[in-house]
Amino acid sequence: MSSKPSHEFLRYLPVRKRNLIEKLLKDIKENCGSIMLTGSWARGDHHGWSDVDIIVITNDKTKEHVQRILTRHKRSAGFLGGNRPWLDIKLFSREEFIKLSNGPMNPFLFSCLKDGKIIYG
């Protein structure tokens, strides 16, 4: 996982999607410990139908507030095609993320830690 915050992937997105993600980051970052880009955009093997995968890690006190903000942004994001959203956000409290990382080997978490790019935190 890259430890230097990176917004470089944003420049490859269409303007509407870029603006939505920039607004999302602005709205949630002060309530988050970390925001991470994962999946094909983090690995650099994205294509025209790739969704944008983001993990948001917050503390228990702000998780509900951040969830409301994320829900609002996901509704306005739209879809890639059919019923598939182009923005996939996973929200964890810090405690949930630690518990997940201390548990049995998890392919999803391994991929996030191996290929993920820190956007904030």
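As numbered in my numbering, residues 1239 to 1359 make up the sequence shown, in order. Even for Gly, the Cβ is constructed at its ideal location relative to N, Cα and C.
My guess is that Trp-1279 and Phe-1330 are in contact by the Cβ rule of under 8 Å, so how many angstroms apart are they, rounded? Working through the sequence shown from its first residue, we reach residue 1279 at position 41. Working through the sequence shown from its first residue, we reach residue 1330 at position 92. Trp-1279 to Phe-1330, Cβ: 19 Å. No contact.
What would DSSP say about Leu-1308, mapped onto helix, strand or coil? Along the sequence shown, one-based indexing puts residue 1308 at 70. The answer is helix: DSSP assigns Leu-1308 an H, G or I state.
Do you know whose CA, among Cys-1270, Arg-1310, His-1303, lies nearest Ile-1295's CA? Position 57 of the sequence shown, counted from the start, is the residue given in the question as residue 1295. Cα-wise, what sits closest to Ile-1295 is Cys-1270.
Am I right that Lys-1328 and Ile-1293 are in contact with their C-beta atoms under 8 Å? What's the rounded C-beta distance? Within the sequence shown, residue 1328 is the residue found at index 90, counting from 1. Within the sequence shown, residue 1293 is the residue found at index 55, counting from 1. Confirmed, Cβ separation roughly 5 Å.
Just the Cα atoms here: how many angstroms apart are Lys-1267 and Ile-1273? Here residue 1267 corresponds to residue number 29 of the sequence shown, with the count starting at 1. Here residue 1273 corresponds to residue number 35 of the sequence shown, with the count starting at 1. Their Cα atoms are separated by approximately 8 Å.
Per the DSSP calculation, Asp-1291 is bridged to which residue(s)? Position 53 of the sequence shown holds residue 1291. Its beta-bridge partners are Thr-1276, Asp-1326.
C-alpha distance - His-1285 paired with Gly-1277, whole-angstrom precision: The residue given as residue 1285 occupies position 47 in the sequence shown. The residue given as residue 1277 occupies position 39 in the sequence shown. Computed Cα separation, rounded: 12 Å.
Reference His-1311; option with closest CA among Leu-1325, Leu-1251, Lys-1301, Thr-1300: For the purposes of this step, residue 1311 is identified with residue 73 of the sequence shown, where counting begins at 1. Taking only the C-alpha atoms, the option nearest His-1311 is Leu-1325.
Would Ala-1315 and Leu-1263 be called neighbours here (beta carbons separated by less than 7 Å)? Walking along the sequence shown from the start, residue 1315 turns up at place 77. Walking along the sequence shown from the start, residue 1263 turns up at place 25. Result no, Cβ atoms of Ala-1315 and Leu-1263 do not sit closer than 7 Å.
Could you compute how far the alpha carbon of Gly-1341 sits from the alpha carbon of Asp-1298? Numbered from its first residue, the sequence shown carries residue 1341 at position 103. Numbered from its first residue, the sequence shown carries residue 1298 at position 60. The straight-line gap from Cα to Cα measures roughly 19 Å.
Endpoints, alpha helix (DSSP H) assigned at Ile-1255: Counting from 1 along the sequence shown, the entry for residue 1255 is found at position 17. Checking the displayed sequence, the identity of residue 1255 turns out to be Lys instead of Ile. Unbroken alpha helix (DSSP H) run through Lys-1255: 1253–1266.
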